[in-house]
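If you read the protein sequences in the order shown, they are chains A and B. Read in order, the letters of the first sequence are residues 91 to 297 in our numbering. Read in order, the letters of the second sequence are residues 91 to 297 in our numbering.
Protein chains: 2
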Amino acid sequence: MTTEPKPPTPSSPLLTERQEARRRRILHASAQLACRGGFDAVQMREVAENSGVALGTLYRYFPSKIHLLVATMQDQLGQMHETLRKRPPVTAEPADRVAETLMRAFRAMQREPHLADAMVRALTFADRSVSPEVDTVSRLTTAIILDAMGLDGPPTADQLSAVRVIEHTWHSALVTWLSGRASIAQVKIDIETVCRLIDLTAPERRG
Amino acid sequence: MTTEPKPPTPSSPLLTERQEARRRRILHASAQLACRGGFDAVQMREVAENSGVALGTLYRYFPSKIHLLVATMQDQLGQMHETLRKRPPVTAEPADRVAETLMRAFRAMQREPHLADAMVRALTFADRSVSPEVDTVSRLTTAIILDAMGLDGPPTADQLSAVRVIEHTWHSALVTWLSGRASIAQVKIDIETVCRLIDLTAPERRG
DNA sequence: TTCGAGTCTGAAACTTGTTCTAGATTAGCG
DNA sequence: CGCTAATCTAGAACAAGTTTCAGACTCGAA
Numbered sequence: 091m092t093t094e095p096k097p098p099t100p101s102s103p104l105l106t107e108r109q110e111a112r113r114r115r116i117l118h119a120s121a122q123l124a125c126r127g128g129f130d131a132v133q134m135r136e137v138a139e140n141s142g143v144a145l146g147t148l149y150r151y152f153p154s155k156i157h158l159l160v161a162t163m164q165d166q167l168g169q170m171h172e173t174l175r176k177r178p179p180v181t182a183e184p185a186d187r188v189a190e191t192l193m194r195a196f197r198a199m200q201r202e203p204h205l206a207d208a209m210v211r212a213l214t215f216a217d218r219s220v221s222p223e224v225d226t227v228s229r230l231t232t233a234i235i236l237d238a239m240g241l242d243g244p245p246t247a248d249q250l251s252a253v254r255v256i257e258h259t260w261h262s263a264l265v266t267w268l269s270g271r272a273s274i275a276q277v278k279i280d281i282e283t284v285c286r287l288i289d290l291t292a293p294e295r296r297g
Numbered sequence: 091m092t093t094e095p096k097p098p099t100p101s102s103p104l105l106t107e108r109q110e111a112r113r114r115r116i117l118h119a120s121a122q123l124a125c126r127g128g129f130d131a132v133q134m135r136e137v138a139e140n141s142g143v144a145l146g147t148l149y150r151y152f153p154s155k156i157h158l159l160v161a162t163m164q165d166q167l168g169q170m171h172e173t174l175r176k177r178p179p180v181t182a183e184p185a186d187r188v189a190e191t192l193m194r195a196f197r198a199m200q201r202e203p204h205l206a207d208a209m210v211r212a213l214t215f216a217d218r219s220v221s222p223e224v225d226t227v228s229r230l231t232t233a234i235i236l237d238a239m240g241l242d243g244p245p246t247a248d249q250l251s252a253v254r255v256i257e258h259t260w261h262s263a264l265v266t267w268l269s270g271r272a273s274i275a276q277v278k279i280d281i282e283t284v285c286r287l288i289d290l291t292a293p294e295r296r297g
């Protein structure tokens, strides 16, 4: 019987300090290469070299290029969530608040379009083997949107549906922008359009 | 000066009969392999062999695997459009008609999930070099949705925005379904949810 | 029919993601 | 300290998308 090599689970705190450091270096190298040239520029050999790690080790930490880039996205989204938490949107209406929040995130993407390319392409290309990780990203996104809505109580089923659709639109709009088939202005319109669903699903408010 | 090899443009009718036949054989082999095992099963060498064409020739007709699969999607979508044209949705309300139409398309995808996988993954992974082809697919999809709405006159700007968002949702919902992160029921809900935007953007109708 | 440009074939080569292996290193433990 | 299992390294090897090239073939025009 062979000993199944147990891959280090990033979320579990079972990592040595050195291992945690390696993981950071890898993610940093990944983001850096992505910033330069997008998805294609993130080459596994180069990530390994730039982070001072053997190729085999890189694959032990992240079992594929897609896993690596999705993890990179988790990282970035986490930072964004904190930033947004510190400065919540200023608008009054929930729909506007969500739209404003997403546009802020979009502006962040515009600052590093290559990085955005790498992360979004990985996210939509991911197959079932990456589902758990992609799901984490999805939950993070949901959390950001729900935060922006600033609900009093827990969201209704209708509201959760609306949030799902908003997420769909967000991802797909990013894809069309990154592939040069939609302008920044068009993405803005799409976001604002889908956010109207929030009004539609607001619980009856007596006027 | 070298003669730039002019790739055959599929839409232009400048193809020999034999060339047209080759193109068909290639697309057929592509769809067939895709049906078996999805994106990964469509291997260029095998497509070439199965369609009785040299690898170099395959690349002359379709400059990349992504191009090939997007063309395959154009093909399939075209057939779907015809099918739908013959039997338009039976529901009364525009929103319902669109939802019904998309659910029909979705059911077609469920019949060949591997093919759907190959086509959708290619579509969302496509980079700028495939923009024209992806755009064709997008226009086809738009046409299908607008047909389903069954408008009297030309759509308003608001309605076009709604259609865009519906398309976004459609694509992204497919991606989540294919990657096993959303159930069929969930996709149905998402489609129905986004279709509510159609009511919202209907021109004022005096009651 | 014959010519020339453009096309197709077959096969090798190249690129990059991924896997594998043998040996060096490290971490935790008695 | 000294041992053992797990981890890490270097590098070769493999897989599939893509490119390249020399030679054979096809098509349209003269």
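Glycine included, each C-beta is placed from N, C-alpha and C at the ideal position.
For A:Q249, same chain residues with a beta-carbon under 7 Å away, outside a window of 5 residues either side, are T291 in chain order.
The Cβ-Cβ distance between B:I274 and B:V188 does not fall below 8 Å. Put simply, the CB of B:G243 is far from chain A, with every gap to its CB atoms at 8 Å or more. Taking every protein chain shown into account, the CB of B:K176 has fewer than 16 other CB atoms within 10 angstroms, so this residue is exposed. Here the alpha carbons of B:L117 and B:F196 stand approximately 22 Å from one another. Residues of chain A whose Cβ lies closer than 8 Å to the Cβ of B:R113 do not exist, since the nearest Cβ in that chain is about 24 Å away. Counting only unbroken stretches of 4 or more residues, the alpha helix (DSSP H) elements lying wholly within the region 104-168 of chain A are 107-131, 134-140, 145-151, in sequence order. Contact between the region 141-150 of chain B and the region 211-228 of chain B is absent: fewer than 3 CB-CB pairs across the two stretches fall below 8 Å. For the region 210-242 of chain B, the residues whose beta carbon sits under 8 Å from a beta carbon of chain A are, in order, R211, T214, F215, A216, D217, R218, V220, S221, V224, D225, S228. Secondary structure note for B:V227: its alpha helix (DSSP H) is the uninterrupted segment 221-239. For B:A182, the closest alpha carbon among the candidates B:W260, B:V137, B:A238, B:E282 is that of B:A238.
In this structure, B:F152 keeps its C-beta atom at 8 Å or more from the C-beta atom of B:A138. For A:T259, a Cβ of chain B is located within less than 8 Å of the residue's own Cβ.
Sequence-ordered contacts of the region 259-284 of chain A with chain B read T259, H261, S262, A263, V265, S269, G270, R271, I279, D280, T283, V284 [C-beta pairs closer than 7 Å].
The contact set of A:S154 on chain B, defined by CB atoms closer than 7 Å, is empty, because the minimum CB distance reaches about 13 Å.
From the listed residues B:V180, B:R150, B:Q169, B:V265, the smallest Cα separation to B:M209 is found for B:V265. When Cβ-Cβ separations below 8 Å define contact, B:R286 makes contact with chain A. Beta-carbon to beta-carbon, B:D217 and A:S120 are separated by about 19 Å, too far to satisfy the 8 Å threshold. Shown here, B:R187 sits in a helix according to DSSP, grouped into three states. Residue range 274-291 is occupied by the alpha helix (DSSP H) that includes A:R286. For B:A206 and B:C125, the gap between their C-alpha atoms comes out near 8 Å. In the DSSP assignment, B:S262 falls within the alpha helix (DSSP H) that extends over 247-268.
The C-alpha of B:A131 lies about 16 Å from the C-alpha of B:H157.
Nearest Cα to B:D186 within the set B:G240, B:V224, B:P245: B:G240. Measuring C-alpha to C-alpha distances from B:T259 to each of B:D242, B:P245, B:G243, B:L287 identifies B:L287 as the nearest. Taking the CA atoms as reference points, B:E282 sits about 34 Å from A:T173. For the pair A:S262 and B:H261, the CB atoms are nearer than the 8 Å cut-off.
The beta carbon of B:W267 sits closer than 6 Å to those of V277, all from its chain and outside the five residues before and after it, given in chain order. Note on geometry: alpha-carbon atoms of A:H171 and B:C285 lie some 29 Å from one another. B:A212: member of the alpha helix (DSSP H) spanning 203-215, first to last residue. Exposed is the label assigned to B:R114, since fewer than 16 other Cβ atoms lie within 10 Å of its Cβ. For A:R254, the nearest beta carbon of chain B is closer than 8 Å to its own beta carbon. Ranked by Cα distance from B:E223, the options B:K155, B:M134, B:A111, B:R108 are led by B:K155.
For A:R194, the three-state secondary structure derived from DSSP is helix. Per the C-alpha coordinates, the member of B:P203, B:Q169, B:T191, B:Q200 positioned closest to B:P178 is B:T191.
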